[in-house]
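Peer 1:
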Amino acid sequence: MSVLSGKKIVLGVSGGIAAYKSASLVRLFIKAGAHVQVIMTPASKDFVTPLTLSTLSKNPVYSSFFDKDEENGVWNNHVDLALWADYIIIAPATANTMSKMVNGNCDNLLIAIYLSAKCPVYIAPAMDLDMYKHPSTISNFEAFAKYGNIIIPAESGELASGLSGEGRMAEPENIISFLEKDIEGKLPLRGKKILITAGPTYEAIDPVRFIGNHSSGKMGFDIAEAAANMGAEVILVSGPTHLKAKNQLIKIVRVTSAEEMYFACHEYFNNCNVAIAAAAVADYKPKNIALQKIKKTENTFNIELEKTKDILASLGEIKKNQFLIGFALETENEIENAKLKIQKKNLDLIVLNSLNDEGAGFGKPTNKVTFIDKHFNIEAQDLKSKEDVAIDIVNKIISYYA
Ligand code: CTP
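Converting from the sequence shown to my numbering requires adding 315 to each position, the first position being numbered 1.
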């Protein structure tokens with residue numbers, strides 16, 4: 316999966332012959348799973364039509380502050396558009412547009428968006444070779460570097476003028492791979508390995524029966540996706556679930572019982588920087604597993620249970636520098652019980668779920684959690700989707716390493 320998947324891209328197109336390549340660029344962004352909002356300078360519409368780019372981007376294209384064709388008038392709010400974007404890419408960026416960007420000469424919607432942006436801005440210049448080497452262009456590049464904008468270098472080859480040299484806008488495929496590499500290289504959890512447990516465990520009674528629970532595994536899988544989206548390499552040790560991982564940085568190790576989960580975690584833990592125990596591990600398992608299916612003979616039937624190994628506590632015992640996060644599911648004295656678990660299991664952070672909170676718990680798409688760290692700082696969160704709770708947990712890890 317591309318790192319651009321799900322990202323919101325403002326693609327600024329300015330008026331040079333390379334604007335015809337922006338159609339392929341839009342297609343490649345869409346193929347990578349990005350949401351694209353095209354902004355055209357008025358001059359670029361002589362080179363490629365807004366209809367082409369709106370069809371390919373599946374979005375209306377904007378090029379002025381005010382939509383004259385709309386009966387009641389619609390203001391294309393440059394601030395909203397700038398804040399919507401995760402990334403702004405200006406391709407092609409002509410000498411004229413670059414000069415306006417550097418000087419803050421805000422005479423069109425694209426420049427207004429650029430000036431209002433808080434996200435990373437990438438610029439793919441396109442011009443003739445002598446323009447590309449002109450001292451004013453070079454000083455504009457220096458200015459962009461100072462502003463923190465990133466230049467996607469032009470390529471060498473035949474130019475529209477008939478001359479040959481440096482100045483051709485980078486090919487759309489190369490722009491996409493430049494962006495992917497640059498964005499991946501800057502992800503805050505790049506180089507970090509994270510072990511996550513997820514799902515229920517099944518403890519066998521006989522060859523056909525088991526003791527299990529209703530955990531869907533969603534919380535652990537969402538944390539895995541959120542961590543991988545931030546560049547972490549994830550080992551996801553999961554009990555039985557139908558869920559699949561999307562991000563290629565996630566390696567799933569499928570297990571069935573608490574015992575298997577324990578051994579899988581201990582195989583990977585030493586090489587990990589962070590471990591998060593989101594699994595609903597069975598606390599007890601049948602002491603003896605019947606080799607054959609148990610027949611229904613007696614009116615009552617007892618199964619002797621014994622404790623499973625506490626995986627999280629065992630990781631807490633051997634941890635060195637790992638940042639260790641546990642979950643606590645409580646029904647009473649929530650905060651006090653969670654604090655005890657932090658100490659008992661040697662945790663850095665606990666994510667407390669209370670079953671008293673509506674919308675929290677097994678099988679639900681939402682969760683309401685409270686973070687408690689090892690210094691007993693308490694942070695209660697609102698009811699959120701499990702995806703958003705996962706992002707909050709990953710942000711805790713990011714701020715620990717910041
Ligand atoms: N956990 C674990 N191994 C177990 C049991 C629990 O790794 N055998 C982990 C869970 O994944 C969770 C945390 O321990 O991160 C707390 O689980 P919870 O069920 O709330 O607490 P327990 O320690 O099992 O205690 P109790 O059930 O008595 O509240």
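Think of the CB as a built atom: it goes at the ideal place given N, C-alpha and C, for glycine as much as any other residue.
May I ask whether a heavy atom of the ligand CTP can be found less than 6 Å away from the beta carbon of T685?
Peer 2: Every heavy atom of the ligand CTP is 6 Å or more from the Cβ of T685, so no.
Peer 1: Go ahead and pull the three-state DSSP assignment for N682.
Peer 2: Here N682 sits in strand by DSSP.
Peer 1: Going by DSSP, what residues sit across from F638 in a beta bridge?
Peer 2: F638 pairs with V589.
Peer 1: CB S339 to CB P487, shorter than 7 Å?
Peer 2: Closer than 7 Å, so yes.
Peer 1: I want to know whether the segment 554-569 touches the segment 511-519 - three or more CB-CB distances under 8 Å.
Peer 2: Touching, yes, given that three or more Cβ pairs across the two stretches are closer than 8 Å.
Peer 1: Suppose you measure from the CA of I650 to the CA of F493; what does that come to, to the nearest Å?
Peer 2: Each residue's alpha carbon lies about 47 Å from the other.
Peer 1: Tell me the rounded alpha-carbon separation between E546 and G500.
Peer 2: Here residue 546 is Gly; the residue named in the question, Glu, does not match the sequence. Those two C-alpha atoms are separated by around 8 Å.
Peer 1: Pairing CB atoms from the segment 666-674 with CB atoms from the segment 624-643, are three or more of them under 8 Å?
Peer 2: The answer is yes - the segment 624-643 touches the segment 666-674, with three or more Cβ pairs under 8 Å.
Peer 1: Applying the criterion that 16 or more other CB atoms from any shown protein chain within 10 Å of the CB defines a buried residue, is D443 buried or exposed?
Peer 2: Its Cβ being crowded by 16 or more others within 10 Å, D443 is buried.
Peer 1: Which of helix, strand or coil does DSSP assign to A513?
Peer 2: Residue state, collapsed to three classes: strand.
Peer 1: Are A485 and A439 close, meaning C-beta to C-beta below 7 Å?
Peer 2: Against a cut-off of 7 Å, the Cβ pair of A439 and A485 comes out as a contact.
Peer 1: Please find out if some non-hydrogen atom of the ligand CTP comes closer than 6 Å to the beta-carbon of L424.
Peer 2: False, no ligand heavy atom lies under 6 Å from that Cβ.
Peer 1: For S475, count neighbouring Cβ atoms within 10 angstroms of its own Cβ and tell me buried if that reaches 16, exposed if not.
Peer 2: This sequence places Ala at residue 475; Ser is not what is there. By the 10 Å Cβ count, A475 comes out exposed.
Peer 1: Considering only DSSP beta bridges, list what W390 is partnered with.
Peer 2: In the DSSP output, where bridge partners are listed per residue, W390 has F381.
Peer 1: Strictly by DSSP, which residues pair up with N668?
Peer 2: DSSP lists L644, V684 as partners of N668.
Peer 1: Within 8 Å, do at least three Cβ pairs link the segment 393-411 to the segment 352-366?
Peer 2: Counting Cβ pairs under 8 Å, three or more are found: they touch.
Peer 1: Would you call the segment 528-536 and the segment 607-615 in contact, with 3 or more CB pairs under 8 Å?
Peer 2: In short, these stretches do not touch, since the Cβ pair count stays below three.
Peer 1: Starting from P440 and walking both ways along the beta strand (DSSP E), at which residues does that stretch end?
Peer 2: 436-440 is the extent of the beta strand (DSSP E) around P440.
Peer 1: Output the boundary residues of the alpha helix (DSSP H) element that contains V417.
Peer 2: Element bounds for V417: 410-418.
Peer 1: Which residue marks the beginning of the beta strand (DSSP E) containing A695, and which one marks its end?
Peer 2: Taken as a continuous stretch (DSSP letters only), the beta strand (DSSP E) holding A695 covers 693-695.
Peer 1: Let me make sure I understand the geometry here. Which of A597, A408, N423 has the alpha-carbon closest to that of F456?
Peer 2: Nearest option by C-alpha distance: A408.
Peer 1: Between the Cα of F638 and the Cα atoms of N648, D521, L627, E647, which residue gives the shortest distance?
Peer 2: Of the listed residues, the one whose Cα sits closest to F638 is L627.
Peer 1: Per DSSP, what kind of secondary structure is E619 in: helix, strand or coil?
Peer 2: Of the three classes helix, strand and coil, the one that applies to E619 here is coil, per DSSP.
Peer 1: Ignore the nearest five residues each way along the sequence and tell me which others in W399's own chain have a CB closer than 6 Å to its CB.
Peer 2: Contacts found: K323.
Peer 1: Just checking my contact of N682 with T646 at CB under 8 Å: how many whole Å lie between their CB atoms?
Peer 2: N682 to T646, Cβ: 16 Å. No contact.
Peer 1: Ignoring anything shorter than 3 residues, give me the beta strand (DSSP E) runs that lie fully in the segment 489-566, in order along the chain.
Peer 2: Listed in chain order, the complete beta strand (DSSP E) runs (minimum 3 residues) inside the segment 489-566 are 508-513, 518-521, 524-526, 548-553.
Peer 1: Would you check if the distance between the CB atom of T623 and the CB atom of K660 is smaller than 7 Å?
Peer 2: Contact: no.
Peer 1: Below 8 Å, how does it come out for the segment 580-596 and the segment 630-637: are there three or more Cβ pairs, yes or no?
Peer 2: The segment 580-596 vs the segment 630-637: in contact.
Peer 1: Do you know whose CA, among N692, I618, K679, lies nearest A653's CA?
Peer 2: Ranking N692, I618, K679 by Cα distance to A653 puts N692 first.
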